[in-house]
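Counting from 78, one number per residue, gives the positions in the sequence shown under our numbering.
Don't be surprised by glycine CBs; every beta carbon is placed ideally from N, CA and C.
Inspection log for the structure reproduced underneath, given as structure tokens.
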Amino acid sequence: MLDFIVWFFTNIFRALYNVFYAVTHPDLWLSWVPYINQSIPEVEQKQALMRFVYYGGSVEFFFAIFAAFIVLTIVGLLNNRFMWGCVQLLEGFANSVGRVFAWAGLIMVLQQIVIIFIQRIFARAEISMGFGMSFSKDISWWAEELKFYNALVVCLCCTYTFVQGGHVRVDLVYSAVKYRTKKVIDMFGAILFMMPAAVLTWMYGWYFLWRHLITPKPSASDSLDRLITKARAVRWNVETIGFSPNGFNAYFLFKILLCAFTAMVFLQAIAFFYRSYLEWKGGPEAEGKYLDKDVLGDEDAELVADIH
Numbered sequence: 078m079l080d081f082i083v084w085f086f087t088n089i090f091r092a093l094y095n096v097f098y099a100v101t102h103p104d105l106w107l108s109w110v111p112y113i114n115q116s117i118p119e120v121e122q123k124q125a126l127m128r129f130v131y132y133g134g135s136v137e138f139f140f141a142i143f144a145a146f147i148v149l150t151i152v153g154l155l156n157n158r159f160m161w162g163c164v165q166l167l168e169g170f171a172n173s174v175g176r177v178f179a180w181a182g183l184i185m186v187l188q189q190i191v192i193i194f195i196q197r198i199f200a201r202a203e204i205s206m207g208f209g210m211s212f213s214k215d216i217s218w219w220a221e222e223l224k225f226y227n228a229l230v231v232c233l234c235c236t237y238t239f240v241q242g243g244h245v246r247v248d249l250v251y252s253a254v255k256y257r258t259k260k261v262i263d264m265f266g267a268i269l270f271m272m273p274a275a276v277l278t279w280m281y282g283w284y285f286l287w288r289h290l291i292t293p294k295p296s297a298s299d300s301l302d303r304l305i306t307k308a309r310a311v312r313w314n315v316e317t318i319g320f321s322p323n324g325f326n327a328y329f330l331f332k333i334l335l336c337a338f339t340a341m342v343f344l345q346a347i348a349f350f351y352r353s354y355l356e357w358k359g360g361p362e363a364e365g366k367y368l369d370k371d372v373l374g375d376e377d378a379e380l381v382a383d384i385h
């Protein structure tokens with residue numbers, strides 16, 4: 078137990094140095110990005126890519142994020158205005174992203190209508206779009222692409238729905254307990270359920286993504302030295318295989334969305350924890366403070382949203 082405590086706090090303090098070092102030496106992990114330090118030799122760019130892959134799913138990255146959370150929380154406990162600012166920033170980010178990508182649902186419906194018209198009425202096997210340089214794909218490609226619009230709504234609107242109170246709450250005790258007890262439950266829920274679930278999903282999703290982008294395929298069990306060794310042979314190998322011969326072939330985008338989803342859930346867990354604490358401290362008068370909720374303009378819809 079003592080060894081674990083020493084290991085834990087050692088990594089916390091080391092994380093502060095790691096963050097500072099990463100920020101001051103971006104060429105070690107970002108030189109693979111186009112137009113960033115392209116004067117660096119190709120071998121070193123590949124090594125930087127492998128460092129990026131390794132640290133993105135590493136213990137060091139976890140403790141860097143955790144240390145930042147601890148620092149922000151301490152500052153917020155000392156200055157509640159700062160913590161409210163964090164809540165507004167994180168909830169505003171979730172709302173902004175969600176409101177933009179919610180339109181993907183409408184695009185999905187319109188595209189389905191176009192597919193039906195092209196296929197059934199005009200009897201065409203493909204759809205072309207664009208002026209000058211046209212983008213032409215088989216009907217089956219456009220039909221399978223509808224899954225991507227659905228994934229955009231699910232992954233990028235999840236935290237927006239959470240902020241708006243749109244997720245269905247199923248509980249046995251929450252509705253019957255006192256106000257401050259509810260806020261304590263919310264705080265523990267954010268720390269013990271939302272954050273760990275997001276971290277675990279990220280750990281699997283990160284390497285799941287990169288195994289479909291580069292070769293040799295990286296593994297979560299690979300050490301940094303092993304990945305650096307693989308860097309000499311690394312090359313881009315973006316997944317372009319669809320479920321059908323002419324079907325949608327950009328399934329790597331789903332892996333990117335999985336990582337984006339988990340990152341947004343983790344950030345929302347921080348916002349929810351902070352809000353729950355501030356509402357617990359401020360009492361019923363603080364409930365819903367600075368909450369940017371959509372106005373539905375329908376009494377029945379507002380009632381349903383409140384029930385949820």
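Starting from the N-terminal side, write out each stretch of the alpha helix (DSSP H) that is 4 residues or longer and does not extend beyond the region 228 to 286. 235 to 240 and 256 to 266
Do Arg-312 and Ile-291 have their C-beta atoms closer together than 8 Å? Working through the sequence shown from its first residue, we reach residue 312 at position 235. Working through the sequence shown from its first residue, we reach residue 291 at position 214. Taking 8 Å as the Cβ cut-off, Arg-312 and Ile-291 qualify as a contacting pair.
How should Gly-360 be labelled, buried or exposed, when 16 other C-beta atoms within 10 angstroms of its C-beta is the threshold for buried? For this step, residue 360 is matched to residue 283 along the sequence shown. Looking at its Cβ environment, which holds fewer than 16 other Cβ atoms inside 10 Å, Gly-360 is exposed.
List the residues that DSSP assigns as beta-bridge partners of Trp-313. Reading the sequence shown from its first residue, position 236 is the one you call residue 313. BP columns for Trp-313 point to Ile-291.
So what's Trp-109 in DSSP terms, helix, strand or just coil? Position 32 of the sequence shown holds residue 109. Coil.
Please confirm if the region 258 to 265 is in contact with the region 211 to 220, defined as three or more CB-CB distances below 8 Å between the two stretches. no
Start and end residues, alpha helix (DSSP H) containing Gln-422: It is not possible to answer for residue 422, since the shown part of the chain is limited to 78 through 385.
Would you check if there are 3 or more beta carbon pairs closer than 8 Å linking the region 236 to 253 to the region 181 to 190? no
From Glu-137 to Phe-194, what does the alpha carbon distance come to, in whole angstroms? Looking up residue 137 in the sequence shown gives position 60. Looking up residue 194 in the sequence shown gives position 117. Cα to Cα, the separation comes out at about 53 Å.
Nearest to Phe-349 (by Cα), restricted to the options Leu-166, Asn-314 and Phe-331: As a working mapping, residue 349 is identified with position 272 in the sequence shown. Measuring from the Cα of Phe-349, the nearest candidate turns out to be Leu-166.
Return the first residue and the last residue of the alpha helix (DSSP H) that Ser-173 is part of. Reading the sequence shown from its first residue, position 96 is the one you call residue 173. Residues 157 to 178.
Give me the Cα-Cα distance between Lys-307 and Asn-314, rounded to the nearest whole angstrom. By one-based count along the sequence shown, residue 307 stands at place 230. By one-based count along the sequence shown, residue 314 stands at place 237. Rounded to the nearest angstrom, the two C-alpha atoms are 14 Å apart.
Assumed close pair Leu-223, Gln-188 - CB separation to whole angstroms, cut-off 8 Å: Walking along the sequence shown from the start, residue 223 turns up at place 146. Walking along the sequence shown from the start, residue 188 turns up at place 111. About 6 Å separates the two Cβ atoms, so the contact holds.
The alpha helix (DSSP H) that contains Gly-305, what's its start and end? As a first step, residue 305 must be located in the sequence shown, where it is residue number 228. It should be pointed out that residue 305 corresponds to Ile in this sequence rather than to Gly. Per DSSP, Ile-305 belongs to the alpha helix (DSSP H) from 301 to 307.
Limits of the unbroken alpha helix (DSSP H) element including Gln-196: Indexing the sequence shown from 1 puts residue 196 at position 119. It is not in any alpha helix (DSSP H) - Gln-196 carries neither H nor E in the DSSP assignment.
Does DSSP put Leu-368 in a helix, a strand or coil? Sequence index remark: in the sequence shown, residue 368 carries index 291 (1-based). Coil, per DSSP.
7 Å Cβ shell around Trp-283 - same chain, five flanking residues per side excluded: To locate residue 283, count along the sequence shown from 1; it is residue 206. Closer than 7 Å at Cβ, skipping near neighbours: Gly-133, Gly-134 and Cys-336.
Where Asn-88 falls: helix, strand or coil (DSSP): Residue mapping note: residue 88 aligns to position 11 of the sequence shown, counting from 1. Correct three-state label for Asn-88: helix.
For the alpha helix (DSSP H) containing Ile-333, list its first residue and its last residue. Taking the sequence shown and counting its residues from 1, the one referred to as residue 333 is at position 256. Looking at the DSSP string, the run of the alpha helix (DSSP H) that includes Ile-333 is 329 to 359.
Assess, as a yes-or-no matter, whether the region 264 to 279 is touched by the region 94 to 111 under the definition of 3 or more beta carbon pairs within less than 8 Å. no
Inspect the beta-carbon positions of Tyr-131 and Leu-301 and report whether they are closer than 8 Å. Working through the sequence shown from its first residue, we reach residue 131 at position 54. Working through the sequence shown from its first residue, we reach residue 301 at position 224. Yes; because the gap between Cβ atoms is below 8 Å, this pair is in contact.
Quick check on His-289: buried or exposed, where buried means 16 or more other Cβ atoms within 10 Å of its Cβ? Start at 1 with the first residue of the sequence shown, and residue 289 comes out as number 212. Result: buried.
Would a C-beta distance cut-off of 8 Å place Ala-171 and Tyr-226 closer than the cut-off? As a working note, residue 171 is residue 94 in the sequence shown. As a working note, residue 226 is residue 149 in the sequence shown. No.
Counting only the same chain and skipping the five closest in sequence on each side, list residues whose C-beta sits under 6 Å from that of Asn-95. Position 18 of the sequence shown, counted from the start, is the residue given in the question as residue 95. Here the set comprises Glu-137 and Ala-141.
Does the beta-carbon of Ile-82 have 16 or more other beta-carbons within 10 angstroms, so that it is buried, or is it exposed? In the sequence shown, counting from the first residue as 1, residue 82 sits at position 5. Label assigned to Ile-82: exposed.
Given that a residue counts as buried once 16 or more other Cβ atoms are within 10 Å of its Cβ, and exposed if not, what is Met-160? Translated into the one-based positions of the sequence shown, residue 160 becomes position 83. Counting Cβ neighbours within 10 Å, Met-160 comes out buried, since at least 16 surround it.
Here's the rule I'm using: 16 or more other beta-carbon atoms within 10 Å means buried, otherwise exposed. How should Leu-79 be labelled? The residue you call residue 79 lines up with position 2 of the sequence shown. Leu-79 comes out exposed.
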